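Going by my numbering, the sequence shown opens with residue 2, and the numbers climb by one from there.
We put the beta carbon where it would ideally sit given N, CA and C, even for glycine.
None of these values were measured; they are calculated from a predicted model.
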Amino acid sequence: MENKKVSLGDRYAEIAVILITVIALIAGWFYKSSVENSSVPFNVESISAQAPKGWLQSEPSGDELLRTTDRSSSGFNTTYILRDMPLAADTTASQVANLLTLSHGQDLLAFRVLDQREVTVYGKAAYELSYVYVESNPNLTHKNIPSVVRGMDYIFMNGNSAVVVSFWADDKNYDLDLGRFLLFLQSITY
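Printed below as a string of structure tokens:
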């Protein structure tokens, strides 16, 4: 057998290929993160936020100021909803949570509350309502299995109104999408 001698130039070439590959992967990851986390400003009345760029925004109705949906998510499309609910004087956050629970119970299939509690979110007092429901495609021509959707509402008291920020995501994607939702939640000012 012949012993091959590896020259110093060959050794540097191998190391250079590995380093360039690692640098390219890191740069690609940063680019991917910046595209996924890009946002557009949203401002209605006295409430502003940074809505995810590229998401589908529906026309607001009722007390909804913003409804934005990620059409590229698998299963149920991840959705953020921002509402400004007018309230009577002396209404508490837990009473607003009870109203939301009743509303969700009427509107959402197989709705169940998982947890509700007072929390502090980015230095602001809030009330957190966690729940689950089933979303099925109303189009009978499609053979889709219903999706289990996890939801979370944050209720912030703002004088004679409540700012309600909702997060709905497919149960399989919930933990993955939660970080992005927290960035959205952090951007909200009222």
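Touch test, the region 153-160 against the region 62-80, Cβ-Cβ under 8 Å, three pairs minimum: Touching, no, given that fewer than three Cβ pairs across the two stretches are closer than 8 Å.
Proximity to LEU57 [Cα-Cα], best of GLY63, ASP64, ARG72: Here residue 57 refers to the residue found at position 56 when the sequence shown is read from its first residue. Across the set GLY63, ASP64, ARG72, the C-alpha of ARG72 shows the shortest separation from the C-alpha of LEU57.
Member of VAL165, PHE182, VAL23, LYS173 whose CA lies at the smallest distance from the CA of TYR191: Taking the first residue of the sequence shown as position 1, residue 191 is located at position 190. Nearest option by C-alpha distance: VAL165.
Segment contact, 8 Å Cβ cut-off, at least three pairs: the region 86-104 with the region 161-178: Yes, they touch.
Contacts around LYS125, its chain only, beta-carbon distance under 8 Å, and the 5 residues preceding and following it disregarded: Locating residue 125 in the sequence shown gives position 124, counting from the first residue. Correct list, in chain order: PHE157.
Residue nearest to GLU129 in terms of C-alpha spacing, selected from VAL135, LEU66, VAL120, GLU136: Along the sequence shown, read from residue 1 onward, the residue named residue 129 stands at position 128. Nearest C-alpha to GLU129: VAL120.
THR22 burial status per 10 Å Cβ neighbour count (16 or more: buried): Stepping through the sequence shown from its first residue, residue 22 is reached at position 21. With fewer than 16 Cβ atoms within 10 Å of its Cβ, THR22 is classed as exposed.
Alpha-carbon to alpha-carbon, TYR81 and ALA111: Indexing the sequence shown from 1 puts residue 111 at position 110. Indexing the sequence shown from 1 puts residue 81 at position 80. Rounded to whole angstroms, the gap between the alpha carbons of ALA111 and TYR81 is 20 Å.
DSSP state of LYS33 mapped onto helix, strand, coil: Here residue 33 refers to the residue found at position 32 when the sequence shown is read from its first residue. The answer is helix: DSSP assigns LYS33 an H, G or I state.
Pair within 8 Å by beta-carbon distance, SER137 and ALA50: Counted from its first residue, the sequence shown places residue 137 at position 136. Counted from its first residue, the sequence shown places residue 50 at position 49. Taking 8 Å as the Cβ cut-off, SER137 and ALA50 do not qualify as a contacting pair.
Inter-residue Cα distance where the pair is MET86 and ALA25: In the sequence shown, the residue the question calls residue 86 occupies position 85. In the sequence shown, the residue the question calls residue 25 occupies position 24. Each residue's alpha carbon lies about 48 Å from the other.
The beta strand (DSSP E) enclosing SER131, as first and last residue numbers: The sequence position of residue 131 within the sequence shown is 130, counting from 1. Unbroken beta strand (DSSP E) run through SER131: 125-136.
Top-ranked residue by Cα proximity to VAL150, from PRO53, LYS6, VAL114, VAL122: Taking the sequence shown and counting its residues from 1, the one referred to as residue 150 is at position 149. Here the closest residue by C-alpha is VAL114.
Opening and closing residue of the beta strand (DSSP E) in which GLY152 lies: As a working mapping, residue 152 is identified with position 151 in the sequence shown. Counting along the chain, GLY152 sits inside the beta strand (DSSP E) bounded by residues 148-159.
Cut-off 7 Å between Cβ atoms - residues of its own chain near ASP116, not counting five sequence neighbours on either side: Numbered from 1 along the sequence shown, position 115 holds the residue referred to as residue 116. Correct list, in chain order: SER131.
Element boundaries [alpha helix (DSSP H), containing LEU103]: Position 102 of the sequence shown, counted from the start, is the residue given in the question as residue 103. Counting along the chain, the unbroken alpha helix (DSSP H) around LEU103 starts and ends at 94-108.
Residue closest to TYR134, alpha-carbon to alpha-carbon, out of LEU186, HIS105, LEU177: In the sequence shown, the residue the question calls residue 134 occupies position 133. Minimum Cα-Cα distance from TYR134 among the listed residues LEU186, HIS105, LEU177 corresponds to HIS105.
Residue range of the unbroken alpha helix (DSSP H) whose run includes ARG72: As a working mapping, residue 72 is identified with position 71 in the sequence shown. Neither: ARG72 is in no alpha helix (DSSP H) and is coded neither H nor E.
Residues that GLU60 bridges to, as DSSP identifies them: Within the sequence shown, residue 60 is the residue found at index 59, counting from 1. The bridge partners DSSP lists for GLU60 come to none.
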